[in-house]
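In the UniProt record's numbering, the protein residues as written are 1 to 196. Some notes on the structure that comes next.
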């Protein structure tokens, strides 16, 4: 979702963004978006090359990088603007010709850099509960005398990092040494530590 000036809208800018619920219907090949007190809206996930040629290419910035996307049209743009009360919003689909890469400032060659689509730094963010608990114990402001029980507070702190994959290890910061993580038959490569 981008604003009229082409800058990507994030939850840091507008927290109401988290209230948009996406649902992918594989059978119908659509993305459905819903928002409280509004009728849901659907768009096709089918990628039509002819439609791509005729559609509006728009540029946006994600973390300072220029990205090319395909404008999904006025109807979805107006729906987003109504939902979030911001005029001029647009939904862009990542162009298959856009190949933004994560530069970890390491000695990787261009062919070793990971594609990251429209995300900030990586496709997924892994958070270790044990590491968050270690951090919680280091920050005096997080140890206040609130009425929340310790487990509830810890869950709240973990949620603040907005991780996609939540794990719990026996040692804090153990994940900083990992090169890969395996989930079933899927192997994910680490791109470095999160700046959050």
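Think of the CB as a built atom: it goes at the ideal place given N, C-alpha and C, for glycine as much as any other residue.
CB contact flag (residue i, residue j, <8 Å)
i           : j           : result
residue 163 : residue 126 : yes
residue 168 : residue 137 : no
residue 88  : residue 12  : no
residue 34  : residue 15  : no
residue 17  : residue 24  : no
residue 171 : residue 130 : yes
residue 154 : residue 132 : yes
As assigned by DSSP and simplified to three states, the class of residue i
i           : result
residue 158 : helix
residue 169 : coil
residue 129 : helix
residue 236 : What the structure shows of the chain is the stretch from 1 to 196, and residue 236 is not part of that stretch, so it cannot be assessed.
residue 61  : Legend: pLDDT at residue 61 = 48, less than 50; position of this residue unreliable, no value from coordinates given.
residue 76  : helix
residue 191 : coil
residue 11  : coil
residue 138 : helix
residue 3   : coil
residue 123 : coil
residue 151 : helix
residue 54  : Because residue 54 carries a pLDDT of 40, less than 50, the predicted location of this residue cannot be relied on, and the following value inherits that uncertainty. Three-state result, residue 54: helix.
residue 16  : helix
residue 37  : coil
Bounding residues of the beta strand (DSSP E) (the contiguous stretch that carries residue i)
i           : result
residue 182 : 180-183
residue 45  : Where residue 45 is concerned, there is no enclosing beta strand (DSSP E), given that its DSSP letter is neither H nor E.
residue 34  : 30-34
residue 24  : 21-25
Beta-carbon separation (whole angstroms), residue i vs residue j, contact threshold 8 Å
i           : j           : result
residue 92  : residue 69  : 3 Å
residue 38  : residue 82  : 7 Å
residue 124 : residue 165 : 6 Å
- Message: Below 8 Å, how does it come out for the stretch 34-44 and the stretch 73-80: are there three or more Cβ pairs, yes or no?
- Response: yes
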